[in-house]
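Undergrad:
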Amino acid sequence: MNKVHSNDKPLNPLSGRVEAQLTRVLPRLSQFRRHFHRNPELSGEEYSTTEYLSKQLTAARIPHRVAAGKRGVITEIVEPADPGAPAVAMRADIDALPIQEENDVPYRSKKPGVMHACGHDVHSAILLGTTLALYRARPSPVAWKSIFQPCEESGRGACEMVREGALEGVDAIIALHVDPNLPVGKVAITPGPRTAFCQDFAIEIIGRGGHGARPHATVDPI
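With the numbering used here, the residue at position 121 of the sequence shown is 928, and numbering never jumps.
(1) Could you give the first and the last residue of the continuous alpha helix (DSSP H) run that contains A932?
(2) Does V880 come out as helix, strand or coil in the three-state DSSP assignment?
(3) At what residues does the alpha helix (DSSP H) containing R970 begin and finish?
(4) Taking the alpha-carbon of A973 as reference, which of E959, H1018, S953, I981 has the nearest alpha-carbon?
(5) For G920 and I906, what's the separation of their Cα atoms in angstroms?
(6) Return the residue from the list P987, L983, Q1006 that minimises the CA-CA distance to T997.
(7) Run the CB neighbour count on E826, radius 10 Å, all protein chains shown included, and call it buried at 16 or more, exposed below.
(8) Could you check how far apart the C-beta atoms of S947 and G851 are, in whole angstroms? I think they sit under 8 Å.
(9) Can you find a CB in chain C that lies within less than 7 Å of the CB of G999?
(10) Going by DSSP, name the residue or residues bridged to R831.
(11) What would DSSP say about L904, mapped onto helix, strand or coil?
(12) Where does R872 sit, in a helix, a strand or coil, going by DSSP?
(13) Under 8 Å: do the stretch 874-889 and the stretch 923-932 share three or more Cβ pairs, one atom per stretch?
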């Protein structure tokens, strides 16, 4: 990625247009989220989710491309009003988890043993709505693009998107993750990693045997 440089132009001229477009798209956010929740797909299987995202972007005439393997979507960079402005990427994950949904709601998962239990349905809906609103509110003081990333839960999706060139021409990238521990309307921002990826690891502990009369000469791994 390139080095981020400052832009002294205020964002206020854009904020009014974006707010108007967000108000316009807001009723559709619930529809987007419920569609994703009703049709979850595991890591590496996000074909229908990708197709749905592509159809929504195509209907809005937003230039984009589907990633290799037909999993994941990357919009083209939307050029800013100032040719020298930095470029920002927005990213959302789109995969679900191998968990049986027990919620009794009209939009519950239609796939046995698979559900959006980590909020990626919300993330996808938020980024889709934001993309629609920002595109309609052009021009922007910064360049931007949207990345809908597969395989977050398996830990390989980010590398796949990088290999796809998702970060080419990008100076910075931002993402979010829903957190039920935060009050509604509050956003937590932390320097460095936040809600970082968890990975399994193995530790081998080796002891040293000995005589019961000399326990001080042994190493008890327990």
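Glycine included, C-beta positions come from ideal geometry on N, C-alpha and C.
TA: To lay it out plainly:
(1) Within the sequence shown, numbered from 1, the residue matching residue 932 stands at position 125. Start and end: 927-943.
(2) As a working note, residue 880 is residue 73 in the sequence shown. If DSSP states are grouped into helix, strand and coil, V880 belongs with the strands.
(3) By one-based count along the sequence shown, residue 970 stands at place 163. Start and end: 964-970.
(4) In the sequence shown, residue 973 corresponds to position 166, counting from 1. Out of E959, H1018, S953, I981, S953 has the C-alpha closest to the C-alpha of A973.
(5) Counting from 1 along the sequence shown, the entry for residue 920 is found at position 113. Counting from 1 along the sequence shown, the entry for residue 906 is found at position 99. About 5 Å.
(6) Mapped onto the sequence shown, residue 997 falls at position 190. Ranking the options by Cα distance to T997, first place goes to L983.
(7) In the sequence shown, counting from the first residue as 1, residue 826 sits at position 19. Flag for E826 reads exposed.
(8) By 1-based counting over the sequence shown, the position of residue 947 is 140. By 1-based counting over the sequence shown, the position of residue 851 is 44. S947 to G851, Cβ: 34 Å. No contact.
(9) The chain labelled as chain C is not found in the depicted structure, where only one protein chain is given.
(10) Indexing the sequence shown from 1 puts residue 831 at position 24. The partner list for R831 (beta bridge, DSSP) is empty, contrary to what the question assumes.
(11) As a first step, residue 904 is located in the sequence shown; it is residue number 97 there, counting from the start. If DSSP states are grouped into helix, strand and coil, L904 belongs with the strands.
(12) Taking the first residue of the sequence shown as 1, we reach residue 872 at position 65. Reduced to three states, the DSSP call for R872 is strand.
(13) no
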